[in-house]
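First residue of the first sequence? That's 0 in numbering that gives the first Met the number 0, and the numbers climb one at a time after it.
For each residue, glycine too, the CB sits at the ideal point set by N, CA and C.
Here is the structure we will look at.
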Amino acid sequence: MNKRLDAEFFHRDALDVAPDLVGKILVHRLADGTELCERIAETEAYRGEEDKGCHAAKGRTKRTELLYGESGVIYVYLCYGMHWLMNVITGEKDQPQGVLLRAGERFDGPAKLTKKMQIDGSFNGVLLKGNEEVWFEDDGYRPKIRTAPRVGIDYAGDYWKDIEWRFIADGK
DNA sequence: TTAGTGATATCC
DNA sequence: GATATCACTAAA
């Protein structure tokens with residue numbers, strides 16, 4: 000029996016949540032009752048104002064406000080005008096942390112994930128707890144995780160761009 | 001390698 | 001109001 004991840008799961012440090020989220024299942028129930036499921040194969044952690052790759056590095060703004068808020072909230076960000084990227088807020092309140100969902104088992108790439116799962120801007124700021132439309136499940140699967148440097152943040156400087164906060168299920 | 005795309009932030 | 005930036009993808 001699959002267990003839905005509760006608020007406790009996300010109420011931890013992003014560096015703990017990110018690897019734990021790999022292998023979990025993202026479920027999105029559509030209005031007509033169809034359920035889209037996808038096992039998460041790759042995540043990245045973004046953590047703190049000092050992390051130059053994190054959106055919150057430049058300070059608290061309207062867009063990054065969610066990162067500072069409650070854990071267990073979905074943060075959806077429109078990138079390059081056409082790609083939705085999905086994050087989950089983690090950690091303590093007033094501490095900007097989040098986990099980016101980069102890929103699913105069948106999809107490779109953050110924007111493909113949101114496209115296949117039909118996640119868009121309307122999910123920005125949605126709380127997972129008690130949500131009947133989208134949630135995460137644990138079916139007991141524990142993949143082997145390997146780490147790698149994050150991608151797409153070359154601007155962040157040598158230190159932050161090389162740090163290994165990317166978590167990938169082994170076998171990919 | 002480059003074009004395409006639009007919200008957000010920053011600069012007049 | 002205008003411009004620069006960006007956690008990307010697809011096509012070539």
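Look at the alpha carbon of residue i and the alpha carbon of residue j, and state the distance between them as a whole number of angstroms.
i	j	result
residue 118	residue 59	25 Å
residue 33	residue 56	38 Å
residue 108	residue 75	15 Å
residue 37	residue 53	25 Å
residue 165	residue 81	23 Å
residue 171	residue 46	Because the pLDDT of residue 171 is 48, which lies under 50, any placement of that residue in the model is unreliable, and the question is left without a value.
residue 102	residue 62	23 Å
residue 159	residue 31	43 Å
Does the beta-carbon of residue i have 16 or more other beta-carbons within 10 angstroms, so that it is buried, or is it exposed?
i	result
residue 121	exposed
residue 64	exposed
residue 150	exposed
Taking Cβ to Cβ, would you say residue i is nearer than 8 Å to residue j?
i	j	result
residue 173	residue 162	As displayed, the chain neither begins before 0 nor continues past 171, which places residue 173 out of reach and without an answer.
residue 26	residue 136	yes
residue 69	residue 88	yes
residue 42	residue 72	no
residue 131	residue 28	yes
residue 51	residue 156	yes
So which of the options has the shortest CA-CA distance to residue i?
i	options	result
residue 24	165, 129, 133 and 61	133
residue 124	80, 93 and 66	66
residue 169	45, 40, 10 and 62	40
residue 86	4, 1, 13 and 5	13
residue 128	5, 10 and 158	5
residue 83	94, 100, 95 and 93	100
residue 95	153, 44, 35 and 102	44
residue 19	79, 145, 159 and 153	145
>> Any contact between the region 111 to 119 and the region 139 to 150? By contact I mean 3 or more CB pairs, one from each, below 8 Å.
In response: no
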